[in-house]
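*Asks:*
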Amino acid sequence: MLGGDSWQAALKAAVRDPDELCRRLDLPESFAVEARRAAAAFPVFAPQAYIDRMRRGDPFDPLLRQVLPVEAEMETPPGFATDPVGDGAARLLPGLLQKYDRRVLWVATGACAVHCRYCFRRHYPYEESPRSPDEWQGAIDRLAGDSSIDEVIWSGGDPLTLVDERLADLAERLATVPHLRRLRIHTRLPIVLPQRVTPELLRWLRGTRLVPYMVIHANHPHELAGSALDAIGRLRDAGVTLLNQSVLLRGVNDSLDVLVELSLRLVDHGVLPYYLHQLDRVAGAAHFEVPEETGRALAAGLRERLPGYATPRYVVERAGAASKTVLA
Ligand SMILES: *Cc1c(COP(=O)(O)O)cnc(C)c1O
Ligand code: SF4
């Protein structure tokens, strides 16, 4: 079969059915019943490469918790909303957001290679993002006309769900804007679909004039295993500076030992822990919230137990603020 091991084939074969997810992990039927109900608003999506790192038969596995719909998602306590971070107000053009100096966020696609149950973009109007190279040109023209911007951040969705041909073309067009200096890619794919780190991806990352940064997104040390570590190694070899951001999640990584282990695994593989995010208060994710006081204590514990470069900043996104707000 042609391309049987390609990343596109793996993405296509990702689990989208709550029953199938529970079956592959030998979970009791009751979890599947609950997951089926809770998946209605935001479907299940998990590639096998990620499922492979979950423990069979453990409904509380920290990786499974990130993708398994649960009843609690159907509750929206006061203070939780569909656009908690004010993305709507920061829109320059469809798919182009600016909240902070120098940096624009480019939402090139709404597609992801995993559906994270805590995602703050689960209600984002992705239909609006530019789809074709011609529509993209409008955004590039806008950037070309504003010399205060020197960094483009590809976000999403997950930008690496787009094929390399499109990404290489877009990077090339961005590189024609003289004041743009850095290209930052926020992506979960090296973690959840490591086969996405292809020779083609590495080739255009090596070739672009823009200085490439990649912010991967691992929340738990178990995610940093096997082929994900190989993918990280290939990206480093290509000269990409790697950073990690995590979200502080109840039942996943709200323990000092887990966070220490996560940071150590990252720095041992050449990835700097960048941010530990307080959960954005998005409707459907309230059950993941860890109180800020607990988060501050965890962040203080990390500082005591790790080198400075291995300690992420604990931050929260506040609508209207001029930067992320540092909590500790
Ligand atoms: C988080 C974010 C950025 C990047 O902020 P850094 O502190 O540079 O990582 C840029 N734009 C938007 C809209 C963001 O939400
Ligand atoms: S945007 Fe990021 S956090 Fe949200 S579902 Fe996609 S990969 Fe997960």
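Note that numbering that gives the first Met the number 0 numbers the sequence shown so that position 101 is 100, with each residue one more than the last.
C-beta: ideal position from N, C-alpha, C; glycine also.
Alpha carbon to alpha carbon, how far is V315 from R55?
*Replies:* Cα-Cα distance, rounded: 33 Å.
*Asks:* If contact is defined by three or more beta carbon pairs under 8 Å, each pair taking one atom from either stretch, is the region 100-116 in contact with the region 152-164?
*Replies:* With a cut-off of 8 Å, the region 100-116 and the region 152-164 count as touching, because enough Cβ pairs lie within range.
*Asks:* Express the C-alpha separation of N218 and V239 in angstroms, rounding to a whole number.
*Replies:* For V239 and N218, the distance between alpha carbons rounds to 21 Å.
*Asks:* Which of the three DSSP states is assigned to S226 in this structure?
*Replies:* S226: helix per DSSP, three-state reduction.
*Asks:* Of all the options L161, I139 and L271, which has the alpha carbon lying nearest to the alpha carbon of Y212?
*Replies:* That would be L271, whose Cα lies nearest to the Cα of Y212.
*Asks:* Would you kindly work out how many angstroms separate the C-alpha atoms of Y49 and A31, rounded to a whole number?
*Replies:* Whole-angstrom Cα-Cα distance: 19 Å.
*Asks:* Taking a contact to mean a Cβ-Cβ separation below 9 Å, would you say A230 touches P189 in this structure?
*Replies:* Yes. Within cutoff.
*Asks:* How big is the Cα-Cα spacing for P76 and D86?
*Replies:* One C-alpha to the other measures close to 21 Å.
*Asks:* Got a sec: does ligand 1 put a non-hydrogen atom nearer than 8 Å to the Cβ of R102?
*Replies:* Within the cutoff, so yes.
*Asks:* Report whether the distance from the Cβ of I152 to the nearest heavy atom of ligand 4 is below 8 Å.
*Replies:* By its list of ligands, the structure shown excludes ligand 4, since it contains just ligand 1 and ligand 2.
*Asks:* Under 8 Å: does the beta carbon of L204 sit that close to some heavy atom of ligand 1?
*Replies:* No, ligand 1 has no heavy atom inside 8 Å of this Cβ.
*Asks:* Leaving out five residues before and five after R208 in sequence, what residues of the same chain have Cβ atoms less than 7 Å from its Cβ?
*Replies:* Excluding sequence neighbours, R208 sits near A174.
*Asks:* Taking 7 Å as the limit between beta carbons, can you name the residues of its chain near V246, skipping five residues before and five after?
*Replies:* Result list for V246: Y117, N218, H276 and L278, in chain order.
*Asks:* Kindly examine ligand 1 and report whether one of its heavy atoms sits closer than 8 Å to the Cβ of L301.
*Replies:* Every heavy atom of ligand 1 is 8 Å or more from the Cβ of L301, so no.
*Asks:* Measure the Cβ-Cβ separation of A284 and F79 and say whether it is below 9 Å.
*Replies:* Yes; because the gap between Cβ atoms is below 9 Å, this pair is in contact.
*Asks:* What residues in its chain sit with their C-beta under 7 Å from that of P17, if we drop five residues either side in the sequence?
*Replies:* Same-chain partners within the cutoff: A31, A34, R35, A38, V43 and P68.
*Asks:* Where in the region 67-131 do unbroken runs of the beta strand (DSSP E), each at least 3 residues long, occur, reported from the N-terminal end onward?
*Replies:* DSSP runs (the beta strand (DSSP E)) wholly in the region 67-131: 90-92, 95-99 and 102-106.
*Asks:* Sort A309, A13, V281 and F287 by Cα distance to H268 and report the nearest one.
*Replies:* Considering only alpha carbons, the answer is A309.
*Asks:* For ligand 2, enumerate in chain order all residues having a CB closer than 6 Å to any of its heavy atoms.
*Replies:* Residues flagged by the Cβ proximity filter: C111, V113, H114, C115, C118, R120, G155, G156, D157 and R187.
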